[in-house]
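K.L.:
Numbering (the numbering used here), first residue to last: 3 to 310. All residues carry an ideal CB built from backbone N, CA and C; glycine is no exception.
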Ligand code: MN3
């Protein structure tokens, strides 16, 4: 089962401007072929379907723990998309009505890449790619064969790294770049982890072909602070007491990849410290959370006081 913590894995810097087309680009990292919905869906169902879990504990634990991290990546990218679609918050702007809406306040929204992101979702994220094509279950591979599944996961993480790099090359906003920088480091960890799992089972040094694509993460400015703190050497259990045995794969004398800052790989109990979730103020003229929400706010305040 799962435990939920009201934080993001990292805090995202506020967007500098409203840029729904950058939000659409970031959607590729959520609902694209190699996006976070795909990594989540694959590891989630592979971990459910895993045979001989107790006998294959280190491999089962690896897939199960990474599943939880991927759910947090879905959350992180979704927040990034919504922040870019929304733009900088205007304090207090959601405390009144939306004014006169007859002057086409959202005329520009009919011309954005993914107009549905405004019309249907008020700038929120949904599991679609950068062209608004639905993510679907065909992206999930769970064969029941451990080597096949791990090989698929290795391919998936390399694919994810490829399109994170390409999305990174298209966006300049600090919110979007932070999402890419953090996920590039974490996705590289997952590619490395699946390579080591395959090596332990088959004897093939598949980690020697990393990184794919062949560009060091150290070349990306937004990755630097995560490399400096050793994020590229850590896997988290995302559990109060389970999944520690993945240290048999991630650890056990295994070292960071040659292009990354040196050091031993380590399993960390629990989860990263994480950061604050952006408040994402409402836009009354888009009826989110509604046109004149004062009464809802008042009710919520009363209920909040009553709960304490
Ligand atoms: Mn991921």
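(1) Quick one: any contact between the segment 32-40 and the segment 98-109, if contact means 3 or more CB pairs under 8 Å?
(2) Starting from the Cα of residue 80, find the closest Cα among 19, 3 and 11 and give me that residue.
(3) So which of 129, 144, 258 and 145 has the shortest CA-CA distance to residue 138?
(4) Could you check whether residue 212 and residue 193 sit closer than 9 Å to each other, using their CB atoms as the reference points?
(5) Tell me whether residue 253 sits in a helix, a strand or coil according to DSSP, three-state version.
(6) Taking C-beta to C-beta, are residue 127 and residue 48 nearer than 9 Å?
(7) Is DSSP giving residue 268 helix, strand or coil here?
(8) Comparing alpha-carbon positions, which option in 268, 73 and 32 lies nearest residue 2?
(9) Please report how far the alpha carbon of residue 263 lies from the alpha carbon of residue 230, in whole angstroms.
(10) Would DSSP call residue 5 helix, strand or coil?
(11) Quick one: measure Cβ to Cβ for residue 86 and residue 17, integer angstroms, because I've assumed they're closer than 8 Å.
(12) Does the beta-carbon of residue 305 have 16 or more other beta-carbons within 10 angstroms, so that it is buried, or is it exposed?
(13) List in chain order the residues whose CB is within less than 7 Å of at least one heavy atom of the ligand MN3.
(14) Under 9 Å, do residue 284 and residue 13 count as touching if we go by C-beta distance?
(15) Identify which residue in 32, 91, 96 and 57 has its Cα closest to the Cα of residue 291.
(16) Would you say residue 26 lies against chain C (beta-carbon separation less than 9 Å)?
(17) Residue 190 to residue 171, Cα distance in whole Å?
(18) So who's on the other strand from residue 236, going by DSSP bridges?
(19) In three-state terms, what does DSSP make of residue 1?
(20) Could you name the residues of the same chain whose beta carbon sits closer than 8 Å to that of residue 141, not counting the 5 residues immediately before and after it, in chain order?
(21) Count the other C-beta atoms from every protein chain shown that fall within 10 angstroms of the C-beta of residue 132, then say buried if there are 16 or more, exposed otherwise.
(22) Across the segment 213-222 and the segment 237-250, are there enough close Cβ pairs to call them in contact, namely three or more that are closer than 8 Å?
(23) What number of angstroms, rounded off, separates the C-alpha of residue 228 from the C-alpha of residue 184?
(24) Using three-state DSSP, classify residue 10 as helix, strand or coil.
(25) At what residue ranges does the segment 19-73 contain a whole run of the alpha helix (DSSP H), taking only runs of 4 or more?
P.N.:
Let me spell this out:
(1) When C-beta atoms of the segment 32-40 are compared with those of the segment 98-109, fewer than three pairs fall below 8 Å, so the two segments do not count as touching.
(2) Sorting 19, 3 and 11 by C-alpha distance to the C-alpha of residue 80 places 11 at the top.
(3) Of the candidates 129, 144, 258 and 145, 129 places its Cα closest to the Cα of residue 138.
(4) When the beta-carbon positions are compared, residue 193 and residue 212 come within less than 9 Å of each other.
(5) Coil, per DSSP.
(6) In this structure, residue 127 keeps its C-beta atom at 9 Å or more from the C-beta atom of residue 48.
(7) When secondary structure is reduced to three states using DSSP, residue 268 falls in the strand class.
(8) No statement about residue 2 is possible, as the shown extent of the chain runs from 3 to 310 and does not include it.
(9) Computed Cα separation, rounded: 7 Å.
(10) In this structure, DSSP gives residue 5 a state outside helix and strand, which the three-state scheme calls coil.
(11) Rounded to the nearest angstrom, the Cβ distance from residue 86 to residue 17 is 5 Å, consistent with a contact under 8 Å.
(12) Counting other Cβ atoms within 10 Å of its Cβ, residue 305 stays below 16 and is therefore classed as exposed.
(13) Taking each Cβ in turn, the ones that pass are 38, 41, 71, 72, 75, 162, 185, 188, 189 and 192.
(14) Going by C-beta atoms, residue 284 is not nearer than 9 Å to residue 13.
(15) Per the C-alpha coordinates, the member of 32, 91, 96 and 57 positioned closest to residue 291 is 96.
(16) The displayed structure is made up of one protein chain only, and chain C is not part of it.
(17) Distance between the alpha carbons of residue 190 and residue 171 is about 18 Å.
(18) When DSSP reads this structure, residue 236 sits in a beta bridge with 268.
(19) Since the first residue of the chain shown is 3 and the last is 310, residue 1 is not available in this structure.
(20) Excluding residues within five positions, the ones whose Cβ falls inside 8 Å are 35, 39, 40, 43 and 44.
(21) So residue 132 counts as buried.
(22) Flag = no, the segment 213-222 and the segment 237-250 do not touch.
(23) The straight-line gap separating the alpha-carbon atoms of residue 228 and residue 184 is approximately 7 Å.
(24) The answer is strand: DSSP assigns residue 10 an E or B state.
(25) Counting whole runs of 4 or more residues, the segment 19-73 contains the alpha helix (DSSP H) stretches 22-33 and 38-51.
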